[in-house]
Amino acid sequence: MSASLATVFRECHRLRRHLRDLKDEIDRGPRILKARQTHLANEEQAHKLAYDTIKKLKLKQKDDEGSLKTIEQQLSRLATRAMEVTTMKEMQATKSEIDQATAKKNILEDTILETILDVEDRTADLPNVEKRWADAQAEFKEYQVEAKERLDRMIEDQKRCDAELLKQDAQIPPEVFGQYSRLVKGYGPDGLAGLKGLICQQCRSKVTEGQRNDLEGGAFVCCSSCGRALYPTGD
Ligand SMILES: [Zn+2]
7 MSASLATVFR
17 ECHRLRRHLR
27 DLKDEIDRGP
37 RILKARQTHL
47 ANEEQAHKLA
57 YDTIKKLKLK
67 QKDDEGSLKT
77 IEQQLSRLAT
87 RAMEVTTMKE
97 MQATKSEIDQ
107 ATAKKNILED
117 TILETILDVE
127 DRTADLPNVE
137 KRWADAQAEF
147 KEYQVEAKER
157 LDRMIEDQKR
167 CDAELLKQDA
177 QIPPEVFGQY
187 SRLVKGYGPD
197 GLAGLKGLIC
207 QQCRSKVTEG
217 QRNDLEGGAF
227 VCCSSCGRAL
237 YPTGD
């Protein structure tokens with residue numbers, strides 16, 4: 007293998023691997039975008055939920071206050087009745103009703119107070135809710151700008167490397183080009199493998215001194231273990 011062919015193979019291997027990495031990263035783009043969109047949608051949902059919850063709590067408070075009013079009216083009627091009853095039996099029945107209504111009233115009052123405090127806390131937290139939502143939107147926008155810039159850069163890089171690879175491929179002698187093509191078609195970039203010392207960098211097998219010498223002498227040599235076209239790594 008001539009020194010220049012070794013250089014060509016080394017460069018082809020580097021370019022093909024780089025192109026594969028670029029393609030992988032470009033292909034990952036839509037999945038990352040989808041994950042970002044899901045995150046943004048979740049944040050939007052959380053923002054909406056914060057307001058919806060306060061709204062619901064306020065409605066509940068209103069309902070409970072209505073029920074409290076009804077019970078207070080009931081208690082007032084019972085108090086009047088208690089003064090009018092004549093028998094012990096009637097007295098006991100009224101007292102039992104008053105006790106039940108009073109217990110209900112206490113529970114409602116406690117519940118209303120809890121709701122009021124809950125609404126206060128949630129309302130006080132609204133600036134944080136707003137900030138979180140604003141941050142999420144800004145972050146997404148920033149991601150979109152960066153992702154686009156990055157994609158543009160990668161596509162440019164891809165074009166440049168494709169053109170460079172064509173040039174390198176064109177320098178491969180016709181008598182080995184068929185084998186080279188089959189290898190990179192079958193194995194992708196790793197149809198080529200560096201040989202470091204006697205070790206194939208693809209499969210870690212050892213080639214013979216003879217093979218190494220053939221390679222140094224300019225022959226086209228494939229690893230007898232993994233079949234990849236070898237080139238000296240040069241280090
Ligand atoms: Zn090998």
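Everything in the sequence shown is counted per this note's numbering, starting at 7 for the first residue and increasing by one. Beta carbons are placed, not taken as given, at the ideal position from N, Cα and C, and that holds for glycine. All figures in this text were calculated on a predicted structure; none of them were measured in a lab.
Starting from residue i, trace the alpha helix (DSSP H) in both directions and tell me its first and last residue.
i    : result
L74  : 9-90
L157 : 132-176
P195 : It is not in any alpha helix (DSSP H) - P195 carries neither H nor E in the DSSP assignment.
Can you have a look at residue i and say buried or exposed, based on whether 16 or more other CB atoms are within 10 angstroms of its CB?
i    : result
S8   : Note on S8: pLDDT 48, under 50, position unreliable in the model; no value is reported.
T108 : exposed
F15  : buried
Y57  : exposed
A235 : buried
R188 : exposed
Q208 : buried
R83  : exposed
A12  : buried
Q217 : buried
R37  : exposed
R22  : buried
V151 : exposed
Got a sec, what are the start and stop residues for the beta strand (DSSP E) residue i sits in?
i    : result
K212 : Premise fails: K212 is in no beta strand (DSSP E) and is neither H nor E.
P179 : Element bounds for P179: n/a, residue is neither H nor E.
A235 : 235-238
Heavy atom of ligand 1 less than 8 Å from the Cβ of residue i, yes or no?
i    : result
S187 : no
R16  : no
E217 : Looking at the sequence itself, residue 217 is Gln, so the reference to Glu does not match. Answer for Q217: no, Cβ out of range of ligand 1.
G184 : no
S10  : no
R26  : no
G233 : yes
A199 : yes
C209 : yes
C206 : yes
C167 : no
Compute the distance between the beta-carbons of residue i and residue j, then report whether it is under 9 Å.
i    : j    : result
E222 : P238 : yes
L25  : C206 : no
L63  : D163 : no
Q67  : T121 : yes
L74  : L114 : yes
S10  : Q143 : no
T129 : I60  : yes
V213 : L204 : yes
If we count Cβ pairs, one from each stretch, closer than 8 Å, do we get three or more for the region 42-53 versus the region 85-100? no
Within the chosen definition, does the region 145-158 reach the region 77-85 through at least 3 CB pairs nearer than 8 Å? no
Three or more C-beta pairs below 8 Å linking the region 220-234 and the region 192-201: yes
Count the C-beta pairs between the region 167-177 and the region 29-40 that are closer than 8 Å, then say yes if the count reaches three, no if not. no
Determine, using beta-carbon pairs with one atom in the region 17-28 and one in the region 128-142, whether at least three such pairs fall under 8 Å. no
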